[in-house]
Ligand SMILES: Nc1ncnc2c1ncn2[C@@H]1O[C@H](COP(=O)(O)OP(=O)(O)OP(=O)(O)O)[C@@H](O)[C@H]1O
């Protein structure tokens, strides 16, 4: 359990308290109503002090962020300001509205409550019930998600996990709020993106994949427009690292992803690695330009059959460069797949379809994106759909489950 | 009095921009900034408006943020600027997008009407033994936008995942797939039954033997037994050995209570048919209910067994390739990562006894690892074999390095299985071999490779 000891900030020095004895989570879970010993009281007070520091810290962080170079992001995750386990609690936030739901997570727009009165700070708070995570056999995936998000915090096009915390039966990941909503919604509304818009978005994704693969050894494994959000300046933010995994040099076998975006080697279970993201990248560009992915059928088995065959059909109006790129990305043979071959991501970036992209300018967010959401304030949620309220009557997180599983969640 | 929140927000956005760009000409910068904001607000407004008109009619074409890449073919009569402003009517767009699908059977038209049900597109599927397999979409290369199906499911798509599979642990477990003995007849029937299924079509002999062995007989004692139930998650794939089964689909997406709860009977499967294959991928809800019509017999295979067989064989083969590659002096300087990439590009090739794997005098393109069997090396003018290769040996690696003709022939003595690495595959993955060679001082060693001498 780490707490950040010291931070140097551009605007001066600020100290964050650190107390390793507080790293122990037990004190957090203890009821404050039972008769407490002197030590317990001290612990509780120290916990509260830490909690206040944590609150203050997350209030300030955004104003201090600037784009880090890929090497700076990788350098020392423990020294990073963000992405740590904290003493925050759910009570420190007002849940305003559901932004999205997944198979077992619900993401809320949440306002930080502070003593100084109404704080204008809003975040996206991803809430996962431990019991659901266990029942849906997603413990490994959730641990991977937390770990990868902490490691990549600071990348300009990946949602920043500001902090994480947990209580008795729930895990929380506090994320920066992306007010633009999902690229998916814009794409479905517009039906398709024009070439310039597609190139811009695809280029930002290429930078994300380059970073994840080549700096972090991480395969993302669930690329699709639903997982790409638009931030206040119109740039992309990749969310949902539920399937992201540090694969390093070794292939991995668990099937995961989204049917239309699965790579052939995932379907055939011959072992897969970061190359699956380049396949999905080809599908994504196709969907941007055409409005639907290349392989589709009402019957999912027929989708998989088409994927394994790998025959992409292009509309006649698609530009030759776009076709060439998609064809090279959606190569069934991974030894022929662009991005996975000699040269890595650079070979993708050098493709003629990207010839108008200034990669450095793009990475440092020098220009706003093609769609800049118009917002009525930092907590505007007009770009998000309405979701049903959370169903009642959840299964309890029993002591038995807790004893068996709580140590798996120790990172939160 | 406080400032309107919209205004405060605009200003703070501007402040951020100013801090970031530190413009020399502040006034010009601000003017540009607000112009851009205004443009984007208008564009967004247009977009939202179209969205609301499109309500219930599918998705509207819009010029913002993208314009139609098929402009030339989709709205030929419209002036470009009108298209660019996204003002043309929805009817036109629909008309142009509503075009016949080349494979009508695989793009049913009713999807848009039923999109609220997510299980719809992710549910399990069925293949009746009697019916011919539905035509898979065929064709390569260019196709006209006219032939695009317009009924794509436009909803958000949910992720899927299967049980986590970890090869390391299975090595420790010493897991072996379950084996259920079958007669030669049964084997042949099973082979035929699954041959049309692409999940089985790609299996090699070893995998296919293991998978067929793992199928377990399931006697069904009577009629009216529900083998699988629509809406339930599925773990098993079934092949019909004997008897017939009726397939019902309920419009609600799951089996309902009451006498009509099964829904409509859509098909019947009989001997040689199979159903539930999506369960071999992940646990999706079943798309139909299958009921026995009398005493009958099924073969069942569960997902974890199936995927684990595939994983174990793939895993072992990869490790075998990697350790082969480690032995090759020419490739000594490769990192483990590079070796595992190369292992990915190896291709298994089989030779019956007496075949030439390499022919003396021909220019070599590939390098070979002997996976199983024996092979002999012959040189012109020498009657007897000059060398013998067995499992674990490799030959022909100099082909990776140069275009010199092969210095000897390699002929299979028994049935031989080799893993073949082409020069082009090697270069695609790792770049020119010369670059890699430069890392070490590789001296071609005649003792290692008689083909070199
Ligand atoms: N930082 C954020 N800002 C705004 N909205 C967000 C943010 N993170 C997530 N969301 C919204 O919540 C939705 C669900 O989040 P996420 O995909 O992380 O959950 P999940 O349960 O892992 O999803 P899935 O089951 O699809 O994998 C997103 O698609 C998005 O609409």
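Protein chains in written order, with the UniProt record's numbering: chain A, 1 to 412; chain B, 1 to 453. From the three backbone atoms N, C-alpha and C, an ideal C-beta is built for every residue, glycine too.
Selected residue, minimal CA-CA separation from residue 195 of chain A, among A:373, A:352, A:360 and A:226: Your numbering for residue 195 of chain A matches position 195 in the first chain. Answer by Cα proximity: A:352.
message: Using only the alpha-carbon positions, how far apart do residue 26 of chain A and residue 144 of chain A sit?
response: Numbered from its first residue, the first chain carries residue 26 of chain A at position 26. Numbered from its first residue, the first chain carries residue 144 of chain A at position 144. Bear in mind that a pLDDT of 44 at residue 26 of chain A, under 50, signals an unreliable position, so the number given afterwards is only what the model happens to contain. Near 23 angstroms, if we compare the C-alpha coordinates of residue 144 of chain A and residue 26 of chain A.
- prompt: How about residue 229 of chain A and residue 182 of chain A: are their beta carbons less than 8 angstroms apart?
  reply: The sequence position of residue 229 of chain A within the first chain is 229, counting from 1. The sequence position of residue 182 of chain A within the first chain is 182, counting from 1. Yes, these two residues count as a Cβ contact at 8 angstroms.
field: Against chain A: residues of the stretch 190-214 of chain B by CB proximity under 7 angstroms
entry: 198 and 202
query: residue 243 of chain A touches chain B at which residues, Cβ-Cβ below 8 angstroms?
result: Here residue 243 of chain A refers to the residue found at position 243 when the first chain is read from its first residue. In chain order: 159 and 161.
- request: State the DSSP-derived secondary structure class of residue 2 of chain B, mapped to helix, strand or coil.
  value: Counting from one through the second chain, the residue named residue 2 of chain B turns up at place 2. Note: residue 2 of chain B maps to coil in three-state DSSP.
Interface residues of chain B facing residue 335 of chain A [CB-CB closer than 7 angstroms]: The count along the first chain starts at 1 and reaches residue 335 of chain A at position 335. Those within 7 angstroms of residue 335 of chain A in chain B are 344, 345, 425, 428 and 429.
- request: Would you give the residue range spanned by the beta strand (DSSP E) that residue 405 of chain A belongs to?
  value: Position 405 of the first chain, counted from the start, is the residue given in the question as residue 405 of chain A. Element bounds for residue 405 of chain A: not the beta strand (DSSP E) but the alpha helix (DSSP H), 399-405.
message: DSSP three-state label for residue 197 of chain A, please.
response: Sequence index remark: in the first chain, residue 197 of chain A carries index 197 (1-based). Of the three classes helix, strand and coil, the one that applies to residue 197 of chain A here is helix, per DSSP.
query: Is there at least one Cβ from chain A nearer than 8 angstroms to residue 278 of chain B's Cβ?
result: Here the question's residue 278 of chain B lines up with position 278 in the second chain. Closer than 8 angstroms to some Cβ of chain A, the Cβ of residue 278 of chain B qualifies, so yes.
query: Cα separation between residue 279 of chain A and residue 263 of chain A?
result: Here residue 279 of chain A is taken as the residue at index 279 of the first chain, counted from 1. Here residue 263 of chain A is taken as the residue at index 263 of the first chain, counted from 1. One C-alpha to the other measures close to 6 angstroms.
- request: Let me know the secondary structure DSSP gives residue 323 of chain B once reduced to three states.
  value: Position 323 of the second chain holds residue 323 of chain B. It is helical.
message: I'd like to know whether the C-beta of residue 411 of chain A is nearer than 8 angstroms to at least one C-beta of chain B.
response: As a working mapping, residue 411 of chain A is identified with position 411 in the first chain. Not an interface residue.
Below-8 angstroms beta-carbon distance, residue 178 of chain A vs any chain B residue: In the first chain, the residue the question calls residue 178 of chain A occupies position 178. Output row for residue 178 of chain A: interface = no.
query: Around the C-beta of residue 312 of chain A, are 16 or more other C-beta atoms found within 10 angstroms, so that it is buried, or is it exposed?
result: Position 312 of the first chain holds residue 312 of chain A. The residue is buried, with at least 16 neighbouring Cβ atoms inside 10 Å.
- prompt: Under the three-state reduction of DSSP, which class applies to residue 133 of chain B: helix, strand or coil?
  reply: In the second chain, residue 133 of chain B corresponds to position 133, counting from 1. With a pLDDT of only 32 at residue 133 of chain B, under 50, the local geometry of the prediction cannot be trusted, and no value is derived from it.
Expected contact under 8 angstroms - CB spacing of residue 150 of chain A and residue 160 of chain A to nearest Å: By 1-based counting over the first chain, the position of residue 150 of chain A is 150. By 1-based counting over the first chain, the position of residue 160 of chain A is 160. Residue 150 of chain A to residue 160 of chain A, Cβ: 10 angstroms. No contact.
- request: Using a cut-off of 9 angstroms between C-beta atoms, extract the partners of residue 340 of chain B located in chain E.
  value: Reference to chain E is not applicable here, since the protein chains of this structure are A and B.
message: I'd like to know whether the C-beta atoms of residue 276 of chain A and residue 260 of chain A end up nearer to each other than 8 angstroms.
response: Position 276 of the first chain, counted from the start, is the residue given in the question as residue 276 of chain A. Position 260 of the first chain, counted from the start, is the residue given in the question as residue 260 of chain A. No, these two residues do not count as a Cβ contact at 8 angstroms.
- request: Less than 8 angstroms between the CB atoms is what I'm expecting for residue 249 of chain B and residue 273 of chain B, so what's the real figure, rounded?
  value: To locate residue 249 of chain B, count along the second chain from 1; it is residue 249. To locate residue 273 of chain B, count along the second chain from 1; it is residue 273. That belief does not hold up - the Cβ atoms of residue 249 of chain B and residue 273 of chain B are roughly 16 angstroms apart, past 8 angstroms.
query: Just to check, is the beta-carbon of residue 246 of chain A closer than 7 angstroms to a non-hydrogen atom of ligand 1?
result: Taking the first residue of the first chain as 1, we reach residue 246 of chain A at position 246. False, no ligand heavy atom lies under 7 angstroms from that Cβ.
- prompt: Along the chain, where does the beta strand (DSSP E) that runs through residue 376 of chain B open and close?
  reply: Stepping through the second chain from its first residue, residue 376 of chain B is reached at position 376. Segment 375-378, the beta strand (DSSP E) holding residue 376 of chain B.
- request: Please report how far the alpha carbon of residue 92 of chain A lies from the alpha carbon of residue 164 of chain A, in whole angstroms.
  value: Counting from 1 along the first chain, the entry for residue 92 of chain A is found at position 92. Counting from 1 along the first chain, the entry for residue 164 of chain A is found at position 164. Looking at the two C-alpha atoms, the distance is approximately 13 angstroms.
task: Under 8 angstroms by Cβ, that's how I've got residue 454 of chain B and residue 395 of chain B pegged, so tell me the actual separation to the nearest angstrom.
output: Past the boundaries of the shown model lies residue 454 of chain B; chain B is included only from 1 to 453, so the question cannot be answered.
- prompt: Are the C-beta atoms of residue 370 of chain B and some chain A residue less than 8 angstroms apart?
  reply: On the second chain, position 370 is the one that residue 370 of chain B refers to. Residue 370 of chain B does not count as touching chain A.
query: If you scan the UniProt domain "Cyclic nucleotide-binding" (199-327) of chain B from start to end, which runs of the beta strand (DSSP E) of 3 or more residues do you find wholly inside it?
result: 216-220, 226-228, 236-242, 245-249, 264-269, 289-292 and 296-302
Residue 11 of chain B to residue 18 of chain B span [Cα, whole Å]: Translated into positions along the second chain, residue 11 of chain B becomes position 11. Translated into positions along the second chain, residue 18 of chain B becomes position 18. Cα to Cα, the separation comes out at about 10 angstroms.
query: Using CA coordinates, which residue listed in B:190, B:25 and B:9 is at the minimum distance from residue 217 of chain B?
result: Locating residue 217 of chain B in the second chain gives position 217, counting from the first residue. It is B:190.
- prompt: Can a CB atom of chain A be found closer than 8 angstroms to the CB of residue 24 of chain B?
  reply: Along the second chain, read from residue 1 onward, the residue named residue 24 of chain B stands at position 24. For residue 24 of chain B, the answer is no, since every Cβ of chain A falls outside 8 angstroms of its Cβ.
message: Using the three-state DSSP reduction, which class does residue 344 of chain B fall into: helix, strand or coil?
response: For this step, residue 344 of chain B is matched to residue 344 along the second chain. The answer is helix: DSSP assigns residue 344 of chain B an H, G or I state.
message: Please identify the residue among A:382, A:412 and A:374 whose C-alpha is closest to the C-alpha of residue 36 of chain B.
response: The residue given as residue 36 of chain B occupies position 36 in the second chain. Of the candidates A:382, A:412 and A:374, the one whose C-alpha sits nearest the C-alpha of residue 36 of chain B is A:374.
- prompt: Which residues in the same chain as residue 372 of chain A place their Cβ atom closer than 6 angstroms to its Cβ, once the five residues preceding and following it in sequence are excluded?
  reply: What you label residue 372 of chain A is simply residue 372 of the first chain in a count that begins at 1. Result list for residue 372 of chain A: 234, in chain order.
Supposed close pair residue 291 of chain A, residue 231 of chain A - CB separation, criterion 8 angstroms: Here the question's residue 291 of chain A lines up with position 291 in the first chain. Here the question's residue 231 of chain A lines up with position 231 in the first chain. 24 angstroms between Cβ atoms; not a contact.
Residue from B:283, B:355 and B:430 with nearest C-alpha to residue 162 of chain B: Translated into positions along the second chain, residue 162 of chain B becomes position 162. Residue B:283 is the option with its Cα nearest to residue 162 of chain B.
message: Quick check on DSSP: helix, strand or coil for residue 282 of chain A?
response: Here the question's residue 282 of chain A lines up with position 282 in the first chain. Helix at residue 282 of chain A.
message: Does the beta-carbon of residue 176 of chain A, which I'm using as the reference point, lie nearer than 7 angstroms to any heavy atom of ligand 1?
response: If you number the first chain from 1, residue 176 of chain A lands on position 176. Yes - ligand 1 has a heavy atom lying nearer than 7 angstroms to the Cβ of residue 176 of chain A.
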